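6 protein chains.
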Amino acid sequence: MVFLTRRATFSASHYYWNESWSEEQNHQVFGRCANRNGHGHNYTLEVTVAGEPDPVTGFVVDLKGLKDIMEREVLSGFDHRHLNLEVPEFAAGGMIPTTENIARAAWNRLERAVNTVGGARLSAIRVYETPEIFAEYRGGL
Amino acid sequence: MVFLTRRATFSASHYYWNESWSEEQNHQVFGRCANRNGHGHNYTLEVTVAGEPDPVTGFVVDLKGLKDIMEREVLSGFDHRHLNLEVPEFAAGGMIPTTENIARAAWNRLERAVNTVGGARLSAIRVYETPEIFAEYRGGL
Amino acid sequence: MVFLTRRATFSASHYYWNESWSEEQNHQVFGRCANRNGHGHNYTLEVTVAGEPDPVTGFVVDLKGLKDIMEREVLSGFDHRHLNLEVPEFAAGGMIPTTENIARAAWNRLERAVNTVGGARLSAIRVYETPEIFAEYRGGL
Amino acid sequence: MVFLTRRATFSASHYYWNESWSEEQNHQVFGRCANRNGHGHNYTLEVTVAGEPDPVTGFVVDLKGLKDIMEREVLSGFDHRHLNLEVPEFAAGGMIPTTENIARAAWNRLERAVNTVGGARLSAIRVYETPEIFAEYRGGL
Amino acid sequence: MVFLTRRATFSASHYYWNESWSEEQNHQVFGRCANRNGHGHNYTLEVTVAGEPDPVTGFVVDLKGLKDIMEREVLSGFDHRHLNLEVPEFAAGGMIPTTENIARAAWNRLERAVNTVGGARLSAIRVYETPEIFAEYRGGL
Amino acid sequence: MVFLTRRATFSASHYYWNESWSEEQNHQVFGRCANRNGHGHNYTLEVTVAGEPDPVTGFVVDLKGLKDIMEREVLSGFDHRHLNLEVPEFAAGGMIPTTENIARAAWNRLERAVNTVGGARLSAIRVYETPEIFAEYRGGL
Chain A
1 MVFLTRRATF SASHYYWNES WSEEQNHQVF GRCANRNGHG HNYTLEVTVA GEPDPVTGFV
61 VDLKGLKDIM EREVLSGFDH RHLNLEVPEF AAGGMIPTTE NIARAAWNRL ERAVNTVGGA
121 RLSAIRVYET PEIFAEYRGG L
Chain B
142 MVFLTRRATF SASHYYWNES WSEEQNHQVF GRCANRNGHG HNYTLEVTVA GEPDPVTGFV
202 VDLKGLKDIM EREVLSGFDH RHLNLEVPEF AAGGMIPTTE NIARAAWNRL ERAVNTVGGA
262 RLSAIRVYET PEIFAEYRGG L
Chain C
283 MVFLTRRATF SASHYYWNES WSEEQNHQVF GRCANRNGHG HNYTLEVTVA GEPDPVTGFV
343 VDLKGLKDIM EREVLSGFDH RHLNLEVPEF AAGGMIPTTE NIARAAWNRL ERAVNTVGGA
403 RLSAIRVYET PEIFAEYRGG L
Chain D
424 MVFLTRRATF SASHYYWNES WSEEQNHQVF GRCANRNGHG HNYTLEVTVA GEPDPVTGFV
484 VDLKGLKDIM EREVLSGFDH RHLNLEVPEF AAGGMIPTTE NIARAAWNRL ERAVNTVGGA
544 RLSAIRVYET PEIFAEYRGG L
Chain E
565 MVFLTRRATF SASHYYWNES WSEEQNHQVF GRCANRNGHG HNYTLEVTVA GEPDPVTGFV
625 VDLKGLKDIM EREVLSGFDH RHLNLEVPEF AAGGMIPTTE NIARAAWNRL ERAVNTVGGA
685 RLSAIRVYET PEIFAEYRGG L
Chain F
706 MVFLTRRATF SASHYYWNES WSEEQNHQVF GRCANRNGHG HNYTLEVTVA GEPDPVTGFV
766 VDLKGLKDIM EREVLSGFDH RHLNLEVPEF AAGGMIPTTE NIARAAWNRL ERAVNTVGGA
826 RLSAIRVYET PEIFAEYRGG L
């Protein structure tokens, strides 16, 4: 089994806020991240697929096809966006856009598209908020 | 002459918008950066000071003192902020928060504080918006 | 299951020396690392915890709490220290401070503190001695 | 169990071409990588071995020994070479030198040599073609 | 004066060979780089322009315009190419494609196009062959 | 004029201590760096030479020759050493081994050797103590 990873970046704004809490409680738990004007990051997205290299092409997954899927399913919707205001998973009472939840959202957007391309299966999604903090969502492979 | 550089990071939101232009013109010139919900970056700030190392300490500039100045003059005001809404240089008809203008604003905030510490002089300010794009403002040294 | 990793750095000195060996044998096995004046590294410590994101906060682990634990349990004792002389696990006949053993020591210091914070569990500790050499200690998750 | 990884780099040329396809088909599937003059990369090779640290040395594997094996088995044959023309696994009807297949070839070259050194076992081989694309071949550990 | 830098990458093959020398002399001076099958690198190109930020846009140079110029003048001709065989400056008795000469060639290709865009002037070209070796060609600014 | 830079790394220990000060004063000015057991870093050394590329080789400076000079004049004496105890410039009442002074010492060791190799001249020495702190000593070019 070989695991092939492709990395991409996107720049987005977010803030942390739980609507069911008081303003005070939000600031206490989320600190500076509770500033509702938003702040932002250069996120790095790593998509890992697993499979056997195709003996005809040598690829676990077609790299250009994987890039197109990442662009269509995730980057076009996340890049240069305010996650809390413009991305459905996080808007209007959705999940708080933590690094953990961004990784889950990306997995949900990518799983079907990646798994229908060929023999390879989506294996893991890693999202870096900064070089110091990253979250990884792993499937069964 | 020795040049000593200290690097720090901050995460902020911004957008590009010229109030005297039509919406159409803003989108034409600034593209996705004209999204007024804002998007964000992990900015890197590099502050370079120039001078002769002090024969007693071996320092061109006291590193802890420089860190405190950077924190007080720039990072406390820029980090986890929306530049267009919360930072005076860019708010309410101020400069557009391009990488070039962020470097200029940081220079103006740091110049007096750095130059009054000791023999060293502020020499350059470099700001990275992403690893692919950075601006440098250089003084006379 | 989501894995959340936080990275930090510390600068420390060490040397490799087995007290039960002759000087010649130490130099033969450990080469330049057997210089008992010590040499040093900028170590990078990556702490990975695993769990389900809390539906209320979106966090697998409170990031500020994790940072405090890393600071209290590991960094305050390792940073700007000579590992062979000042850190109990490696001093006075303790383990040789190889990258492998530093990872084990960090695991032992962090396991209880991390696992008592909430639902998340310590999953892995990775220590980079240089960008070219790193060791990872993995728990059961 | 501790996993120790050593990283090295090599610079090589390659192209993608399936001899059983027409020129048109090769260009359609492989795009610019089908240019038979070749193009090249600074590859990064990461070799991970797994085991218990030796209580006498603190090492999972002797680092100098591992470096020598990597040099002898892989780097001396891959570095400053044209993979399609000079490396047996990829030459004369062999595998297409994709990142996936380079990782497999490196595993096959390293497995016996690493596993006969001591108690440690080869665990994974990761090959970066660029910082954005990498493949990992994992053994059973 | 503000200096704005944009970074891009390209992957290419090359070798070092002086046609007027014997094979022996080429191998003696150029070592492994004299392998005429070619080897390759992930090159990084940094283009620096200097000027005053436009008060209307905040830009020293239009970033999208600079990207297009870099793509058209340099990257489209260098990326996924064999420099000795396919790039006029280095082919058929041209310059040896050292990092120094690649920087000069990129300067010559970019100078006119950059300087006719607006008030900004091309200031420097930096080319990284690897993270350890880079060359910079500087103009008068 | 083209500037060619070669980068290398070394791992060393140091501490900051002014013999003419009291213990209290040393701790006040140098903080944790005054721990006389020493601590260490992975230093990065960048050596920049300036000149015209030789029309016969395309080199500003022979890269292998430059590497040998760096190894002989600096790395062999600094790597895996305790700067305060084993390096003459810093031992026994010499300079305090700050990043600034390490850059100066490296310049003094390299200047003659580099300038006698050929037409190129030593232009700058940059030393990184960590990725966040670096010093540069510049000559006249």
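Chains as they are written, first to last, in my numbering: chain A, 1 to 141; chain B, 142 to 282; chain C, 283 to 423; chain D, 424 to 564; chain E, 565 to 705; chain F, 706 to 846.
All C-beta atoms, glycine included, are put in the ideal place defined by N, C-alpha and C.
Since this is a predicted model, take the numbers as computed values, not measurements.
Query                                                                                                                                                                : Result
How about residue 83(A) and residue 12(A): are their beta carbons less than 8 Å apart?                                                                               : yes
At 3 residues or longer, what runs of the beta strand (DSSP E) sit wholly inside the stretch 621-646 of chain E?                                                     : none
Check the Cβ of residue 278(B) against every Cβ in chain E and list those closer than 9 Å, keeping chain order.                                                      : 565, 566, 567
Quick one: does residue 476(D) have its CB under 8 Å from some CB of chain C?                                                                                        : yes
Along chain D, in chain order, which residues have C-beta atoms closer than 8 Å to that of residue 313(C)?                                                           : 487
Quick one: what's got a C-beta closer than 6 Å to residue 192(B)'s C-beta in the same chain, skipping five residues either side?                                     : 201, 260, 261
Suppose the cutoff is 8 Å on Cβ atoms and the five residues either side in sequence are ignored; what does the same chain contact list for residue 211(B) look like? : 147, 149, 186, 188, 251
Applying the 10 Å Cβ sphere with the 16-neighbour rule, what's the burial state of residue 406(C)?                                                                   : buried
Measure the C-alpha to C-alpha separation of residue 464(D) and residue 707(F) and round it to an integer number of angstroms.                                       : 24 Å
So, helix, strand or coil for residue 593(E), using DSSP?                                                                                                            : helix
When burial is assigned at 16 or more other CB atoms within 10 Å of the CB, is residue 257(B) buried or exposed?                                                     : exposed
Cβ atoms of residue 388(C) and residue 409(C): under 8 Å apart, would you say?                                                                                       : yes
Starting from residue 651(E) and walking both ways along the beta strand (DSSP E), at which residues does that stretch end?                                          : Neither: residue 651(E) is in no beta strand (DSSP E) and is coded neither H nor E.
Do you know whose CA, among 797(F), 837(F), 827(F), 836(F), lies nearest residue 724(F)'s CA?                                                                        : 797(F)
In whole angstroms, what separates the C-alpha of residue 384(C) from that of residue 376(C)?                                                                        : 12 Å
By the criterion of Cβ-Cβ separation under 8 Å, what are the contact partners of residue 201(B) in chain F?                                                          : 805, 840
So is residue 553(D) in contact with chain E if we call contact Cβ pairs under 8 Å?                                                                                  : yes
Taking the DSSP output, what are the residues bridged to residue 268(B)?                                                                                             : 186(B), 276(B)
Can you tell me which of 779(F), 772(F), 784(F), 785(F) puts its alpha carbon nearest to the alpha carbon of residue 813(F)?                                         : 779(F)
Apart from the five residues on each side of it in sequence, which residues of its chain come closer than 8 Å, Cβ to Cβ, to residue 662(E)?                          : 580, 699
Within the continuous beta strand (DSSP E) that includes residue 429(D), where are the two ends?                                                                     : 425-437
Would you give the residue range spanned by the alpha helix (DSSP H) that residue 160(B) belongs to?                                                                 : Taken as a continuous stretch (DSSP letters only), residue 160(B) belongs to no alpha helix (DSSP H), as it is neither H nor E.
Check whether chain F comes within 8 Å of residue 197(B), counting only Cβ atoms and requiring the distance to be less than that.                                    : yes
Closer than 8 Å by beta-carbon distance: list the chain D residues that pair up with residue 603(E), in chain order.                                                 : 434, 435, 436, 463, 502, 503, 504, 505
Could you round the C-beta distance between residue 697(E) and residue 768(F) to whole angstroms and report it? I think they count as a contact, below 8 Å.          : 7 Å
I'd like to know whether the C-beta of residue 457(D) is nearer than 8 Å to at least one C-beta of chain A.                                                          : no
Suppose you measure from the CA of residue 14(A) to the CA of residue 130(A); what does that come to, to the nearest Å?                                              : 14 Å
Among 335(C), 340(C), 348(C), 320(C), which one has its Cα closest to the Cα of residue 362(C)?                                                                      : 320(C)
So the alpha helix (DSSP H) residue 522(D) belongs to, where does it begin and stop?                                                                                 : 522-538
Is residue 219(B) closer than 8 Å to residue 171(B) when the C-beta atoms are compared?                                                                              : no
Alpha carbon to alpha carbon, what distance is there between residue 386(C) and residue 427(D)?                                                                      : 12 Å
Let me check understanding here. Comparing Cα to Cα, which of 318(C), 371(C), 306(C), 382(C) lies closest to residue 476(D)?                                         : 382(C)
Taking the CB atoms as reference points, tell me whether residue 347(C) and residue 96(A) lie closer together than 8 Å.                                              : no
Under a three-way DSSP split, which group does residue 175(B) fall into?                                                                                             : helix
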